[in-house]
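Asks: Just add 14 to the spot in the sequence shown (first one is 1) and you have our numbering.
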Amino acid sequence: MHRRISTLSVTGVLMLMAGLVPSQAHAAHVAMVVGANSGISEIQEEDYDEDDEMMAWFMSLSITRASADLYVDLMGFDHDQADIALMMYRDYLGEYRNAAEIVKDLYENIDYDYEDEEKMAQTMRDVSKVMSRFMERAVKLGERYVGDLEALADERQQAGHQRVKRARQRELAAGLMATSYEDGTIDLVLLSQKLDEPVSLIVGEDQADPIATALLEYEKEIAGATDRLVDLSLASMRQQFEAMEDEDEEAAWEQYAKNQEDMQQIAGEMQAITERYSRRIANALGEDRGREWDKAYNAELYPQVYAGGEFADTHEAIMAIESLTTDQRDAIASTREHYEREAVSANALWVAAIDAEAKISENWDYSSDGDYEAFWEKYQEAEEESEAAAKARRDLDERFADRLRDLLTNDQREQLPQEETFDVEAVLRELEGDDGR
């Protein structure tokens, strides 16, 4: 499970399930799509600011470009079919993104008049209708695209469509978990395609590829949990929206609490299945590729821990310097090896702190007020420990990045990207103007 803490309020999370776009006629007919544009490589997954957290939440129920590529592989499409599928994907994503942008604009500009109770009540009813509409719209757009792939397939490719439907359910489950304060789940099939040498997904009668077989078994086993999570979550949210439209805040909160409890239980089942198959696949890949798999898995599980920091950035920049000598390269390799050994324990401490912080949140009783002061005190203590562990890793990165820079000549250091600095004196002089006036 991804370990992260959302900064959006409960109301904000619910708003991200909102939408105000009426159904549009299906524009992805094969003849129209083929004639539209053949520039497949120009298709982009996102056309919005990646730092726009609200938009990212709106897009959390969409089919990503990585998933669209996976669908093509699972269907066994030839080149022409793949071109058509990706053009249909552009059509799908454009409609989804337009819906998200309209709702985001509404959310940012809606007038909340807290002094006029009647007007505020009507606003919340309207917001609930919008939320419900976008949720339905998001799900139906995905169903339509997956159905289009089935229509595009020939008879021998129909079996692959079952795998596509399972893949979509896994992604939709992760999106629903994300919009409801739960951590998303790692998709091992998608992960297998991110390795330097992507894993084969083909399972044929004349071969017994243990990794492809394990991934197929993983798909089938986790499907029961993802289907239950999607059905339960959508039903709970619909009931919650209806309660909000009826101005029954107590019922809405109770439904939210019930939704959280159910999702946590199913999420635990999904996590156990994912961890079990991840270990099985790592063992089947062998020592070297198994380490690559574990690294990729951990990066998905704890992105803030395993994302490259200052050491990784400095190492990458230094290795691009053409004038490095053999002795320098050996010293850099030795420094990197030393850093990676120490990073193992630093990362482990950070992961443990993140888990401890997450466990406190997971154990909070959503169905009642509980002892909030005691909960908050424990949470703050865990948060401080997590921040301290993060700082320890950053300090490690900084220390070893300095060691790398010390191995360079002055001329080589000049070739490194320069850090932006803030010259206080220059700013003060600028503010003083001519003659200090």
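All residues carry an ideal CB built from backbone N, CA and C; glycine is no exception.
1) Could you compute how far the alpha carbon of residue 424 sits from the alpha carbon of residue 360?
2) Quick one: Cα of residue 346 to Cα of residue 66, how far?
3) Determine, using beta carbons only, whether residue 419 and residue 349 come nearer to each other than 7 Å.
4) Using 8 Å for Cβ pairs, my map puts residue 80 next to residue 100. What's the rounded Cβ distance?
5) Distance, Cα to Cα, residue 250 vs residue 335?
6) Would you please state the rounded distance, in angstroms, between the beta carbons of residue 399 and residue 367? I believe it to be under 8 Å.
7) At 4 residues or longer, what runs of the alpha helix (DSSP H) sit wholly inside the stretch 249–319?
8) State the Cα-Cα distance for the pair residue 178 and residue 97, rounded to the nearest angstrom.
9) Give me the residue from 87, 84, 94 and 117 with the minimum Cα distance to residue 71.
10) Is residue 110 near residue 74, with beta carbons less than 7 Å apart?
11) From residue 223 to residue 242, what distance separates their C-alpha atoms?
12) Once the 5 residues before and after residue 175 are set aside, which same chain residues still bring their CB inside 7 Å of it?
13) Curious, which full-length alpha helix (DSSP H) runs of at least 4 residues does the stretch 176–214 contain?
14) Shortest alpha-carbon distance to residue 374 belongs to which of 391, 364 and 365?
15) Let me know if residue 341 comes out buried or exposed under the rule of 16 or more other beta-carbons within 10 Å of its beta-carbon.
16) What is the rounded straight-line gap between the Cα of residue 306 and the Cα of residue 209?
17) Do you know whose CA, among 255, 214, 256 and 276, lies nearest residue 244's CA?
18) Which residues in the same chain have their Cβ closer than 7 Å to the Cβ of residue 39, if we skip the five residues on either side of it in sequence?
19) Thinking residue 281 and residue 191 are a contact (beta carbons under 8 Å), I'd like their distance in whole angstroms, please.
20) I need the boundaries of the alpha helix (DSSP H) containing residue 151, first residue and last residue.
21) Rounded to a whole number of angstroms, what is the C-alpha to C-alpha distance between residue 85 and residue 232?
22) Alpha carbons only, please: which of 200, 180 and 339 is nearest the one belonging to residue 238?
23) Would you tell me roughly how many angstroms separate the C-alpha atoms of residue 148 and residue 138, rounded to the nearest one?
24) Hey, would you say residue 365 sits closer than 7 Å to residue 316, going by beta carbons?
25) Going by DSSP in three states, residue 217 sits in which element: helix, strand or coil?
26) Which stretch, first to last residue, makes up the alpha helix (DSSP H) that contains residue 108?
27) Pick helix, strand or coil for residue 432, following the three-state DSSP scheme.
28) Given a threshold of 16 other Cβ atoms within 10 Å of its Cβ, counted over all protein chains shown, does residue 442 qualify as buried or as exposed?
29) For residue 76, report the span of its alpha helix (DSSP H) as first-last.
30) Should residue 185 be labelled buried (16 or more other beta-carbon atoms within 10 Å of its own) or exposed?
31) Would you check if the stretch 404–416 and the stretch 321–330 touch, i.e. whether three or more CB-CB distances between them fall below 8 Å?
32) Residue 332 by DSSP, collapsed to three states: which one?
33) Which two residues bound the contiguous alpha helix (DSSP H) that contains residue 394?
34) Quick check on DSSP: helix, strand or coil for residue 84?
Replies: For this structure:
1) 31 Å
2) 38 Å
3) no
4) Residue 80 to residue 100, Cβ: 12 Å. No contact.
5) 56 Å
6) 5 Å
7) Fully enclosed alpha helix (DSSP H) runs of no fewer than 4 residues occupy 263–299 and 301–315 of the stretch 249–319, in order along the chain.
8) Going by the C-alpha atoms only, they are around 17 Å apart.
9) 117
10) no
11) 30 Å
12) 89, 163, 164 and 167
13) 202–206
14) 391
15) exposed
16) 7 Å
17) 276
18) At residue 39 the pLDDT is 30, less than 50, meaning the model places this residue with poor confidence and gives no usable figure here.
19) Correct: roughly 6 Å between the Cβ atoms.
20) 131–166
21) Near 17 Å, if we compare the C-alpha coordinates of residue 232 and residue 85.
22) The residue with the shortest Cα to Cα distance from residue 238 is 180.
23) 15 Å
24) Their beta carbons are under 7 Å apart, which means residue 365 touches residue 316 by this criterion.
25) coil
26) 93–123
27) Assigned with DSSP and collapsed to three states, residue 432 falls in coil, not helix or strand.
28) exposed
29) Where residue 76 is concerned, there is no enclosing alpha helix (DSSP H), given that its DSSP letter is neither H nor E.
30) buried
31) Yes, the stretch 321–330 is in contact with the stretch 404–416.
32) Helix, per DSSP.
33) 386–420
34) helix
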